[in-house]
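There are 2 protein chains.
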Amino acid sequence: MTEVEKGPKGRRRGRGARERILSASQQLFREQGINRTGMDQLCAAAQVSKRTAYQHFTGKDELVAEYLRRFDPSVLSGVFDRTDLTPRERLLAAFDVPPTTPLCPYIGAAVELHDPQHPASQYARDYKKAVAARLADTAREAGAADPEQLGEQLALLIDGAAARTRVLNADAFPTAAAIAAVLIDTAIPATAGDDRRREEVSS
Amino acid sequence: MTEVEKGPKGRRRGRGARERILSASQQLFREQGINRTGMDQLCAAAQVSKRTAYQHFTGKDELVAEYLRRFDPSVLSGVFDRTDLTPRERLLAAFDVPPTTPLCPYIGAAVELHDPQHPASQYARDYKKAVAARLADTAREAGAADPEQLGEQLALLIDGAAARTRVLNADAFPTAAAIAAVLIDTAIPATAGDDRRREEVSS
DNA sequence: TGTTATGTACACCGATCTGTGTGCTTACGG
DNA sequence: CCGTAAGCACACAGATCGGTGTACATAACA
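Same order as they appear, the protein sequences are chains A and B.
Read in order, the letters of the first sequence are residues 1 to 203 in full-length UniProt numbering.
Read in order, the letters of the second sequence are residues 1 to 203 in full-length UniProt numbering.
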């Protein structure tokens, strides 16, 4: 994301069209959706000739898949890596999404593409599973009785908030966070590795 | 759904093309999505001439909106009207979706259309609010401390299960039901309208 | 029976979509 | 400075999209 100069194959050649294409994808696919964004418009926004785009990507499908792969997962990794928070706080922090966040592109892609076999759909599936797994890890760290279950539950809450926000056009994450708090308190024995014991996980 | 003979305006004229169109919409929009279903294909499936379709609907947008309005809400109303269940059981029954259910068309429409102003998007919003309201009513009946909050929470769980099922291609409703059980038990004072000892601890 | 709403058949429109073919320019690295 | 890979401009192909125009058929009801 930060590096715009690295060429496609590592060798620094040309003027980094690929990065511009992916950058434009981020913006347009999220603003307008995938199906409503044509390659012409995308190339224009990226200031890249259409020919060049199709030299970097065999087709729109591949571009969409790469767009999902490149989607900045800062919300995710940024939360799980915060060592200044207790595991329990980290679980809750996953619901602190700035209200400006457009909305989960993975759900959008899965719905828009509508084909579970599509590479992007498969990646979306993998990503969602990975999130649940990381939540489960953190839940285990927090001392949850059944970390896998709690992880899956919290993941469902996040997706619910995302979907509901999209449909209602109103932020649903606070509601999800409230549910999460209940679930976490229920699943974690009161005595377990909780707040004040700032479990330094020692990096 | 059952009646195919009723004409568009009540008077029985012609051969009920409108119903066939809407019936085909139900199938195709859900199987393939809205954007991936062309009017040509839809008319062919409905065995209706394209001209006729555009005499009944001013455009695809109107058809989509009507498709959502006509979507059989049996899952919803069928649950809330069951007087054989206690309010608490009714709240939980909302998560007993047969695994064959294709998946919430309202979320699909909102994502695919991608325009909050689209009539179908507006209807989806209204519908989701109505569901939350009915859940809140039932929650009140069940003696919940904060029925509105519980209704909104359960609605979010349903949407989460729907979205997650779509992305993961695996039934997520059991997980949502488990969360719902926790929320309900937390929100309803033990002594409240939790009708006589019908408490079935099925899980 | 005749009138009229309803539906049909089918060609056709312009727009837009993904994707190519071709020939030219430019920047970079040796 | 030169060769080559990267990128560009732009027309175009073929499909599909939503939507219409026109002329004809038929079913329902008076």
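Even glycine gets a Cβ: it sits at the ideal position worked out from N, Cα and C.
Keep in mind the model is a prediction, meaning the values are calculated, not measured.
Exposed or buried, what is residue 77 (chain A) when buried is set at 16 or more other beta-carbons lying within 10 Å of its beta-carbon? By the 10 Å Cβ count, residue 77 (chain A) comes out exposed.
Proximity of residue 188 (chain A) and residue 183 (chain B) at Cβ, strictly below 8 Å: No, they are not a contact pair.
Say whether chain B places a C-beta atom closer than 8 Å to the C-beta of residue 137 (chain A). Closer than 8 Å: no.
Could you tell me which uninterrupted alpha helix (DSSP H) segments, each at least 4 residues in length, are contained entirely in the UniProt domain "HTH tetR-type" (15-75) of chain A, listed from first to last along the chain? Fully contained in the UniProt domain "HTH tetR-type" (15-75) of chain A are the following alpha helix (DSSP H) runs of length 4 or more, in chain order: 17-32, 39-46, 50-56, 60-70.
Using 8 Å as the threshold, is the C-beta distance between residue 82 (chain B) and residue 138 (chain B) below it? Contact: no.
Which residues, in chain order, does the UniProt domain "HTH tetR-type" (15-75) of chain B contribute to contact with chain A at a C-beta distance below 8 Å? Listed by position along the chain: 32, 33, 35, 36.
Strictly below 8 Å CB to CB, what residues from chain B border residue 156 (chain A)? Within chain B, the residues near residue 156 (chain A) are 157, 160, 161, 164, 172, 175, 176, 179.
Excluding five sequence neighbours on each side, which residues of the same chain lie with their C-beta closer than 8 Å to the C-beta of residue 93 (chain B)? The answer, listed in chain order, is 79, 82, 85.
Which residues in chain B have a C-beta closer than 8 Å to the C-beta of residue 125 (chain A)? List them in chain order. Going along chain B in sequence order, the residues near residue 125 (chain A) (Cβ under 8 Å) are 167, 168, 169.
What does the Cβ neighbour count give for residue 190 (chain A), buried or exposed, with the cut at 16 atoms within 10 Å? By the neighbour-count rule (16 or more Cβ atoms within 10 Å), residue 190 (chain A) is not buried but exposed.
Proximity test, Cβ basis, 8 Å: residue 78 (chain B) and chain A: False, the Cβ-Cβ gap to chain A never drops below 8 Å.
Please report the distance separating the alpha-carbon of residue 36 (chain B) from that of residue 58 (chain A). Going from the Cα of residue 36 (chain B) to the Cα of residue 58 (chain A) covers about 21 Å.
For residue 33 (chain A), is the classification buried or exposed, using 16 other Cβ atoms within 10 angstroms of its Cβ as the cut-off for buried? Residue environment for residue 33 (chain A): buried (at least 16 other C-beta atoms within 10 angstroms of its C-beta).
Cα separation between residue 164 (chain B) and residue 107 (chain B)? Straight-line Cα distance between these residues: approximately 12 Å.
In the DSSP assignment, find the alpha helix (DSSP H) that holds residue 149 (chain B) and state where it starts and stops. Going by DSSP, residue 149 (chain B) is part of the alpha helix (DSSP H) stretching over 147-168.
Across the region 149-164 of chain B and the region 125-135 of chain B, are there enough close Cβ pairs to call them in contact, namely three or more that are closer than 8 Å? A contact is defined here as three or more CB-CB pairs under 8 Å, and the region 149-164 of chain B meets this definition with respect to the region 125-135 of chain B.
Of all Cβ atoms in chain B, is any one closer than 8 Å to the Cβ of residue 91 (chain A)? Look at residue 91 (chain A): its C-beta is not under 8 Å from any C-beta on chain B.
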